[in-house]
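Numbering (my numbering), first residue to last: 5 to 1086.
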């Protein structure tokens, strides 16, 4: 047997061993008188050989020339115990020089232990050779090698040796299993841990404290808390260390409520006494739960257990009180600590930063320096965090200068903190420069800059940064992927999110609750609730944030019932709802108008003393208002002592939505501070009530008083001008926007301008604005397409629809409504049917009742009334008033009495107070010469108390709106107006015009005279009098234009050679040279 040991190099010079500073020195003295001191006795054998006792040895002048073999074992053991490995090797070398000596298994194992424990990498290979050459290995031999490899973190060899040991029939013992369990954990082999657990049970060692503790730690690392708790339960003589491991496992998984219960359950039933590590962990639990009451309870417990003087525990208390928002107790603990260390100062400075008390943090930092403590990575990092959180880049720059002066700028820890500070302060370029100046970059620095790109919304830069990170030595971690998933969620980019998901699967070996939760959040934000639900269902552990992500996702994606169902399940599983889950549950109740469930949630909020939360308070008021419980909303609002702008706005909106504009104005006038939302809500209220004068005055006041105006503030006014319509006021608003530089700054604003001009009758100006827009979204395209559809220009509608698809703008359900309407107006039946089918099959859009109404109108307009009726009968949803109205209108044009009566009867049931169906049915009977039935319809309308809304038409002259009702004689130019109409009437009769009295619903003696006085004719007459000869006359009417007036306006356009545009409730009519753009169908 030969070993690579040079015996000449193993001289036993005293100086060699005196150089070992961390070993205990023992002196072995030769029996000859020249050695003065004797610290260890020895004896001679009958052969005159020296026998050494088992005493630790580190210093020996020389080894006698002959040592009795019985002393080898004790001497080797003494060398091992005292870490005198070189001396042990010398003993081994002398042993090998004795050719007649053959060591037994016991001594061979001792020698193996000597080399295995030496710490010299070269000795490891010698230990393995010794091990392999032991003919009969015992458990100690095997355990020695397992422990040796475990100390070197060579986990593969640990498992390999253990496997060989198991196959050799040697029974593992309590010294074997802890290292094997740890090796399985290090390799991420949870299945291996469970297999080893089985062997432990088979060997009756699961009750052993050390073995059981290793199992608990192993299961905790994998997040298998049920298995960890079961393993803990089997341990005999449980100690605080294992207890701490269980509690720490729950904390690691963020299952803080479970950790809290484990703390009290084990203490109550097992009577274990917590140590300072237990209390430090439990205060961390209280901090995570933001439970100040529990934190104070733990504080009292640790004082009664005598740990109040522990610096370690005191530091954890400072952190707990800070995270619970109790700065008073945080500083009290700090000031009461008799002993403080660097961690104490770091903790209190960090606590002030957490609480946003940035000046306190800086003061304490300076006080720390005065107290003799030095700045270090941690407290400098805290000050940089203060700069980041307060967006005070100037303070951060001062720290940066300090780091440069002290040559610390390129330090990876502080440099990473600088990158983080600049990123959060919005100084992304400085963050980037600092990042690239670092001598070394770790995951923290890479993640800090990535987070900065995400905060700034720089998508391309963030993705390129991630690509560079993967090319470097940095390993993406949960913080990397959290930033990237946040980016995907904010962008609503599911494809990008899926790619990140794939990276996570390849990179993160085990399940990670934080990333799984972020994936749920990302898919929910991208409106893929199926994926979100699948990931949620596969999660082994779920915390409140996991539940909230899915609940919020469901609520925001219109799945209110699902959100409430999840909220209920969350409570059943013992997970306490927080502000976010309660907010979503209240929003869901509001969406469903479910006041009963909303009140139940309100009771929960009251029971848990959460009503003071300002966000919850606002959501309660909002929920009650949406459920129609305006009185309850007002009670909640009135009970709030300190009302902020948001709460005021919600209450204003609640009143506005109920058309209680005076109540809304009362709250508005009481507000000391108003936001843009406040002004817009009131403007919207006035717009809904048609109170244009009040709206205009408020808007002017807003322009004078508010400092928060932007282009979007104009939206309510633009929308109102579009709905009236009021083209002159709309143009003035446009001029104001141009003057203030708000045009072309927002696609929403530009889209509203396009819509306003289109609805105001100036389709040409709408198109000019549309063409000048640099960026157009689906709303812009819809506004332009709908404008052309309302104006009856189907050719332009279809051309824009094709162009929209060419520019990769995906049409939505509103787009298809306008396109189908255009197909109807120009009689493109085949094209309309094809577009309807493509909407369903190619674009995946489920038709709404409005789309079916368009199809009824398309077929009815073309005279295919039976087909139109079949569409109604086969609709998967219930037809509404507009659907039956489209059929009735078609029956009037094509004089189909049977289907017209069927449609009218349904309309009488659905909307009994609507005069429209009575008018149309009467016209159908009159056109068919069935005067008796026509009179019966008129009589039934009268007996039902249905009155026709008075017709009002208006025209804009010199920027002033002139309104007329039928027979109006209040205008200063009344005589001229009627004279012009009589003159036109004579000229029309010369062209063969005969008044159609079927459109006169009431029994009036001079029906022709009554028709002459219709409001739209009065408005047109004023336009002929007041407007230049080449000017287009634009008229707006609140009702559908009657058939006789439609004929008259065509003739007037022919006689006067004027272009006349009339907008009624159905569409725009462009009259020119005796023709109308509607083709006499509207």
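Think of the CB as a built atom: it goes at the ideal place given N, C-alpha and C, for glycine as much as any other residue.
| query | result |
| --- | --- |
| Own chain partners of residue 45 with C-beta closer than 6 Å, once the 5 adjacent residues on each side are dropped | A caution first: residue 45 carries a pLDDT of 37, below 50, which makes its placement in the model too unreliable to give a value. |
| With 16 other Cβ atoms within 10 Å as the buried cut-off, status of residue 62 | Bear in mind that the predicted position of residue 62 carries a pLDDT of just 41, short of 50, making it unreliable; the figure below should be weighed with that in mind. With 16 or more other Cβ atoms within 10 Å, it is buried. |
| Where residue 30 falls: helix, strand or coil (DSSP) | For residue 30, the pLDDT reaches just 33, beneath the cut-off of 50, and the residue's location in the model is therefore unreliable, leaving the point undetermined. |
| Residues near residue 818 in its chain [Cβ-Cβ closer than 6 Å; skip 5 each side] | 786 |
| Inter-residue spacing [alpha-carbon to alpha-carbon] between residue 176 and residue 558 | 53 Å |
| Selected residue, minimal CA-CA separation from residue 734, among 826, 750, 754 | 754 |
| Coarse secondary structure for residue 488, derived from DSSP in three states | helix |
| Beta bridge counterpart(s) of residue 379 as assigned by DSSP | Partner(s): none; residue 379 has no beta bridge. |
| Which residues DSSP lists as bridging residue 133, in chain order | For residue 133, which the question treats as bridged, DSSP gives no partner whatsoever. |
| Where residue 1079 sits in the DSSP three-state scheme | strand |
| Straight-line Cα distance separating residue 749 from residue 585 | 36 Å |
| Own chain residues within Cβ distance below 8 Å of residue 246, not counting five before or after | 213, 216, 217, 220, 236, 239 |
| Unbroken stretches of the alpha helix (DSSP H), 4 residues or longer, contained in the segment 715-748 | 719-727, 731-744 |
| Rounded C-alpha distance that separates residue 173 from residue 158 | 23 Å |
| Neighbour flag for residue 246 against chain E, beta carbons, 8 Å | Among the chains in the structure shown there is no chain E, since it carries only a single protein chain. |
| Cut-off 7 Å between Cβ atoms - residues of its own chain near residue 703, not counting five sequence neighbours on either side | 687, 721 |
| Among 510, 542, 539, 489, the one whose alpha carbon lies nearest that of residue 1122 | Residue 1122 lies beyond the residue range present for the chain, which begins at 5 and ends at 1086; the question has no answer from this structure. |
| Simplified DSSP state of residue 515, which is helix, strand or coil | coil |
| Assigned secondary structure, residue 479 (DSSP; H/G/I helix, E/B strand, else coil) | coil |
| Sub-8 Å separation of residue 317 and residue 343 beta-carbons | no |
| Top-ranked residue by Cα proximity to residue 842, from 198, 308, 821 | 821 |
| Supposed contact pair residue 891 and residue 864 - C-beta distance, whole angstroms, cut 8 Å | 6 Å |
| Top-ranked residue by Cα proximity to residue 812, from 800, 779, 844, 832 | 779 |
| Enclosing beta strand (DSSP E) for residue 1039 [first to last residue] | 1037-1041 |
| Cβ neighbours of residue 795 in the same chain (closer than 6 Å, five flanking residues each side left out) | 767, 1072 |
| Simplified DSSP assignment, three categories, for residue 1069 | coil |
| Helix, strand or coil at residue 1074 [DSSP, three-state] | strand |
| Any 3 or more C-beta pairs closer than 8 Å across the segment 347-366 and the segment 380-387 | yes |
| Proximity of residue 908 and residue 921 at Cβ, strictly below 8 Å | yes |
| Sequence-distant residues of the same chain with beta carbon closer than 6 Å to residue 194, five excluded per side | 226 |
| Own chain residues within Cβ distance below 6 Å of residue 879, not counting five before or after | 856 |
| In DSSP terms, what residue 958 is bridged to | 967, 1040 |
| At least 3 beta-carbon pairs within less than 8 Å: the segment 955-964 vs the segment 1021-1037 | yes |
| Inter-residue CB distance, residue 631 and residue 607 (contact presumed, cutoff 8 Å) | Contact flag wrong, Cβ pair sits at about 15 Å. |
| Helix, strand or coil at residue 1086 according to DSSP, with G and I counted as helix | coil |
| Reference residue 622, options 1075, 646, 601, 600, closest by Cα | 646 |
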